[in-house]
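Note sheet for the following structure.
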RNA sequence: CGGGGUGUAGCGCAGCCGGGCUAGCGCACCUGCCUUGGGAGCAGGGGGUCGGAGGUUCGAAUCCUCUCACCCCGACCA
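Residue numbers (my numbering): 12 to 581.
Next comes the structure, spelled out in structure tokens:
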């Protein structure tokens with residue numbers, strides 16, 4: 012491809028509404044342009060990278076035995092009503108009517124459609140296992156789209172759905188996908204972790220997320236320093252601290268804490284560490300108040316509590332409720348004398364003589380002891396793990412915390428959708444059985460953004476070779492005036508292109524500085540610079556975008572080296 | 001949906017509070033000269049319903065009302 016004939020509208024200045032680096036760089040590199048909130052045009056460079064990811068995904072899905080299909084973007088409401096998600100899904104599901112006033116939605120995911128397809132066609136255990144996938148545009152009317160392709164409303168996703176005769180067979184399908192995902196993200200050149208995850212609204216029995224490690228990641232993940240345990244913080248288990256404190260209970264003591272409401276304020280006012288206090292949170296679980304007790308320096312994990320209580324909704328209570336439950340304004344709640352249902356975190360169990368709120372304005376209590384002073388309903392793991400917590404799986408390790416971008420998610424669905432939509436088959440004994448399902452997503456467009464988030468420097472994008480829009484750029488110094496330069500460039504261009512190297516020839520009538528800046532910005536991994544001075548010695552320069560390594564080589568050497576590096580990625 | 005903010009040339013912004021010349025600046029763009037190994041220089045030039053509608057006024061980018069879009073924080077979420 013000749014740069015002068017192509018379409019790469021780069022921009023020097025950083026657009027003001029782009030917050031994260033991948034969004035800024037994708038705009039500046041001319042990969043994407045915004046059309047509306049969370050909706051983007053993919054320009055040639057952006058599209059080429061997306062296609063690279065798609066092809067890797069396609070190859071690995073095929074290798075794992077999945078079969079590609081393509082389902083519609085527009086889906087009829089009836090299917091969603093049948094699975095009851097028409098009511099559950101909420102405003103994220105973009106709904107509309109056709110000219111006959113029939114209801115439709117833009118598909119945010121395809122469990123209903125694929126299950127409908129399969130229930131019509133699959134009748135026998137002989138037709139399974141079956142795994143169908145597609146790579147397709149999805150639309151989710153996000154509450155708050157942001158960060159460019161990282162959280163768009165329209166995005167490209169690979170979604171796969173497995174169908175098996177029973178739970179054990181479904182586990183095998185799941186494992187195959189898990190391994191395929193590892194291969195996919197390895198081939199993309201990404202630094203990632205597979206972590207245990209909560210299943211959320213998709214439902215099902217268990218799931219793993221594939222997280223690209225990056226500071227800007229929206230998810231927190233914990234991993235063990237010793238063993239293979241890794242989990243989203245939403246899911247990561249806290250191990251109860253082994254030994255309770257031995258201290259003798261001291262007499263309860265009331266202290267005045269005028270205007271001190273937060274853990275920070277009270278702990279500094281009383282000169283005691285936050286870890287020796289208990290924080291008391293009042294929540295509403297399906298309109299019933301619940302009290303959660305946590306060590307002062309710990310945070311509540313609402314998902315754990317919600318799963319524990321088995322409630323539909325869980326949210327922090329408003330000031331009125333707090334006052335009704337505790338008899339005091341917000342900021343002075345404590346477990347002593349409370350009548351409501353109380354759940355204490357495991358870390359609170361061993362605490363002795365702690366400080367907490369007094370359920371009275373401007374009063375806190377010291378030397379509280381749960382078994383003596385409170386009526387705790389139950390103890391459970393309801394907090395977020397923190398850096399340095401002991402690993403829940405092995406005895407040696409500590410948990411380390413990371414930020415991650417979720418690029419893939421695999422779920423064991425069980426029979427949630429197949430039951431709702433009556434997807435059944437006849438087993439070898441002629442008995443009707445429910446199909447077991449799994450679903451497996453990869454955010455293709457998000458993967459490109461995550462890759463940039465992880466691979467950039469002050470000059471721009473630093474693409475890994477497998478998903479770079481081009482493998483190599485030939486930057487000609489004074490292409491228009493220097494005939495020797497022009498001829499050398501053309502020769503290199505032809506040789507590389509013949510060897511199926513994806514090469515971009517910068518034949519523009521621009522000064523060298525402009526070409527170098529653009530080449531760095533768009534992140535092409537390999538750059539051959541052809542200039543009159545080096546060419547007089549029969550040499551060109553080969554520079555690697557990552558690390559900046561520069562070699563002076565003959566044209567033949569440079570071509571061979573580039574061919575070799577490209578061949579190495581398959 | 002709640003709170004905050006911004007809409008002025010393709011991009012980034014000033015002007016608005018205290019209404020008043022022809023609405024400016026940088027980058028980008030076009031023409032010419034010059035230059036050619038890290039976003040050059042000089043000269044000339046094009047481009048604006050000041051987000052939209054209504055109002056106040058002799059006069060509105062500026063003040064008032066409504067409205068739309070976008071951004072940030074929050075709840076939500078693969």
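We treat Cβ as the ideally placed atom computed from N, Cα and C, and that holds for glycine.
Cα-Cα separation, residue i to residue j
i	j	result
residue 151	residue 57	21 Å
residue 236	residue 410	6 Å
residue 163	residue 376	48 Å
residue 454	residue 271	46 Å
residue 437	residue 135	5 Å
residue 444	residue 95	21 Å
residue 139	residue 188	16 Å
residue 364	residue 394	21 Å
residue 185	residue 72	12 Å
residue 260	residue 382	10 Å
residue 172	residue 126	9 Å
residue 49	residue 170	20 Å
residue 74	residue 288	55 Å
residue 70	residue 508	23 Å
residue 44	residue 249	44 Å
residue 66	residue 572	24 Å
residue 439	residue 84	36 Å
residue 274	residue 305	11 Å
Neighbourhood of residue i by C-beta distance below 7 Å, restricted to the same chain and skipping five residues each side
i	result
residue 388	352, 353 and 354
residue 116	86, 88, 91, 104, 105 and 106
residue 14	515, 516, 517, 518 and 519
residue 384	263 and 347
residue 328	293, 294, 295 and 300
residue 177	447
residue 280	268 and 271
residue 467	32, 36 and 473
residue 372	339, 340 and 343
Own chain, CB closer than 8 Å to residue i, minus 5 neighbours either side, in chain order
i	result
residue 499	541, 546, 551 and 566
residue 21	39, 40, 41, 529, 532 and 533
residue 435	130, 429, 443, 444, 445 and 446
residue 46	52
residue 543	488, 489, 493, 495 and 496
residue 390	354, 355, 356, 357, 359 and 360
residue 302	291, 292, 293, 294, 336, 344, 346, 349, 351, 352, 353 and 354
residue 82	118, 121, 124, 125, 128, 145 and 147
residue 218	207, 208, 209, 210, 420, 421, 422 and 423
Same chain, Cβ closer than 6 Å to residue i, neighbours up to 5 away in sequence not counted
i	result
residue 497	490
residue 405	237 and 238
residue 330	341
residue 480	56, 59 and 60
residue 622	Since the first and last residues shown for the chain are 12 and 581, residue 622 lies out of range.
residue 577	482 and 512
residue 461	223, 416 and 418
Residue i burial status per 10 Å Cβ neighbour count (16 or more: buried)
i	result
residue 120	buried
residue 111	exposed
residue 202	exposed
residue 99	exposed
residue 159	buried
residue 35	buried
residue 63	buried
residue 419	buried
residue 52	exposed
residue 561	exposed
residue 16	exposed
residue 18	exposed
residue 278	buried
residue 102	exposed
residue 441	exposed
residue 309	buried
residue 505	exposed
Tell me whether the segment 336-351 and the segment 425-441 touch, counting them as touching only if at least three CB pairs, one residue from each stretch, are closer than 8 Å. The segment 336-351 and the segment 425-441 do not touch, with fewer than 3 CB-CB distances between them shorter than 8 Å.
Taking 8 Å as the threshold, find out whether the segment 16-25 comes into contact with the segment 120-133 through three or more Cβ pairs. No contact exists between the segment 16-25 and the segment 120-133.
Stretch-stretch touch, CB-based, cutoff 8 Å, three pairs: the segment 141-148 with the segment 191-201: Short answer: they don't touch.
What ranges does the beta strand (DSSP E) occupy inside the segment 502-532, keeping only unbroken runs of at least 3 residues that lie completely in it? Along the length of the segment 502-532, whole beta strand (DSSP E) runs at least 3 residues long occupy 514-517, reported in chain order.
Determine, using beta-carbon pairs with one atom in the segment 364-379 and one in the segment 215-232, whether at least three such pairs fall under 8 Å. Between the segment 364-379 and the segment 215-232 there are fewer than three inter-stretch CB-CB distances shorter than 8 Å, so the stretches are not counted as touching.
Every unbroken beta strand (DSSP E) within the segment 158-240, with a cutoff of 3 residues, ordered by chain: Correct list: 165-175, 203-208, 217-224 and 230-235.
Considering only residues of the segment 269-347, which uninterrupted beta strand (DSSP E) runs meet the minimum length of 3 residues and lie entirely inside it, listed in chain order? DSSP runs (the beta strand (DSSP E)) wholly in the segment 269-347: 289-296, 299-306 and 325-327.
At what residue ranges does the segment 97-142 contain a whole run of the alpha helix (DSSP H), taking only runs of 4 or more? Whole alpha helix (DSSP H) segments, 4+ residues: 122-132.
Run through the segment 20-52 for me and flag every whole beta strand (DSSP E) of 3 or more residues, listed as ranges in chain order. Note on the segment 20-52: whole beta strand (DSSP E) runs with a minimum of 3 residues are 43-47, in chain order.
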